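Reminder that position 64 of the sequence shown reads as 64 in full-length UniProt numbering, one-by-one numbering, no gaps. Backbone N, C-alpha and C fix where the C-beta goes; we use that ideal spot for every residue, glycine too. No experiment lies behind these values; they were computed from the predicted model shown. Here is the structure we will look at, set down as structure tokens.
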Amino acid sequence: MERIFYTRCGDKGTSRVTKTKIVAKTDPVIGVLGDLDELNSLFGLVRTQKISAHSKKVLRFVQEDLFIIQAQIALLLIGGSQKMKAFPLDKVGRLEQEIDVLEKIVKPKRKFVVAGSNEASAWFDYCRAVSRRVERSTVKLCKTADNRASIFAKASEGRGISWTILAYLNRLSSLLYALARREAKRKGVLEEHPRYS
């Protein structure tokens, strides 16, 4: 019987990425994939909360995009001749359109906001913080001396991390910040700014 829920392959600190290829769980690519998985799971949790239908819809399409990003980054581990189309620039554009709409609704101020004015906005602020970590770990993977040239070369060949993935992850935190502010406004909550006192 083939086991689905456990395989014992990772019991010694490794992950099996294909039938013949095993990598250490400390591999930076595994780290980025884990960060993306955490963020995607967090979005699933937030979608179960009392947030607007629009926010749920936005999170759902972002979850799909994160699966594409994970697949492209995973190809760095698999190697070989497998390829995918580069992550589409129009997905970055879709995030920007959402942000532009939210900015008109919220009319934000250029000030920091203390998270926690209400549950819905607090969840989005937490998502934003996690998404920034995902972005940092992905950029770090790209900038690692050993990986930098090969990762971008592979991206141009249809594997790995393209600049559009980095742009998407950068824009994602802005979208989550905007959604947090929108949820606070929707609930009629006045958000506090730090006093620095």
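For the alpha helix (DSSP H) containing residue i, list its first residue and its last residue.
| i | result |
| --- | --- |
| ALA129 | 119–143 |
| THR164 | 163–186 |
| LYS107 | Unbroken run through LYS107: none, as it is neither H nor E. |
| LYS19 | Looking at the DSSP string, LYS19 is not in any alpha helix (DSSP H), and its letter there is neither H nor E. |
| GLU64 | 53–78 |
| ARG47 | 28–47 |
Taking residue i as the reference, give the member of the options with the closest Cα.
| i | options | result |
| --- | --- | --- |
| GLY44 | GLY31, VAL62, GLY34 | VAL62 |
| LYS122 | VAL106, ARG171, ALA178 | With the sequence shown as reference, residue 122 is identified as Ala, and Lys is not the correct amino acid for it. It is ALA178. |
| LYS104 | TYR196, ARG195, ARG181 | ARG181 |
| PRO108 | ILE78, THR7, ALA120, SER174 | SER174 |
| GLN70 | THR138, VAL106, SER55 | THR138 |
| LYS111 | ARG195, GLN49, LEU77 | ARG195 |
| GLY188 | LYS143, ILE68, TRP163, ASN118 | ASN118 |
| GLY116 | LEU190, GLY31, THR26 | LEU190 |
With residue i and residue j assumed to form a contact (beta carbons below 8 Å), what rounded beta-carbon distance in angstroms separates them?
| i | j | result |
| --- | --- | --- |
| VAL114 | GLU183 | Not quite, the Cβ-Cβ distance comes to about 15 Å (not below 8 Å), so this is no contact. |
| LEU141 | ILE161 | 7 Å |
| ILE4 | LEU33 | Their Cβ separation, rounded to whole angstroms, is 19 Å, which puts ILE4 and LEU33 out of contact at 8 Å. |
| VAL106 | LYS57 | With 8 Å as the limit, VAL106 and LYS57 do not qualify as a contact, their Cβ atoms being about 18 Å apart. |
| ILE78 | THR18 | 6 Å |
| LEU76 | MET84 | Not quite, the Cβ-Cβ distance comes to about 12 Å (not below 8 Å), so this is no contact. |
Taking 7 Å as the limit between beta carbons, can you name the residues of its chain near residue i, skipping five residues before and five after?
| i | result |
| --- | --- |
| LEU176 | PHE124, CYS127, ARG128, SER131 |
| ASP35 | ARG133, VAL134, SER137 |
| LEU59 | PHE43, VAL46, ARG47 |
| ALA120 | GLN49, LYS50, ILE51, GLU183, LYS187 |
| ALA24 | GLY13, THR14 |
Once the 5 residues before and after residue i are set aside, which same chain residues still bring their CB inside 6 Å of it?
| i | result |
| --- | --- |
| ALA167 | VAL92 |
| LEU95 | ARG171, LEU175 |
Assign residue i to one of two classes, buried (16 or more other C-beta atoms within 10 Å of its C-beta) or exposed (fewer than that).
| i | result |
| --- | --- |
| PHE87 | buried |
| GLN97 | exposed |
| LEU39 | buried |
| LEU89 | exposed |
| ARG171 | buried |
| GLU2 | exposed |
| SER41 | exposed |
| ALA145 | No answer about ALA145 holds up, because its pLDDT of 47 lies below 50 and its placement is not dependable. |
| LYS12 | exposed |
| THR7 | exposed |
| ASP65 | buried |
| LEU169 | buried |
| VAL29 | buried |
| SER55 | buried |
| LEU102 | buried |
Could you check where the beta strand (DSSP E) with residue i kicks off and where it finishes?
| i | result |
| --- | --- |
| VAL23 | 22–24 |
| SER15 | 14–16 |
Using a Cβ-Cβ cutoff of less than 8 Å, which residues in the same chain neighbour residue i once the five nearest sequence positions on both sides are dropped?
| i | result |
| --- | --- |
| ILE22 | CYS9, THR14, SER15, ARG16 |
Within the 8 Å Cβ cut-off, does residue i reach chain D?
| i | result |
| --- | --- |
| LEU66 | Looking at the structure shown, chain D is missing, and only one protein chain is on hand. |
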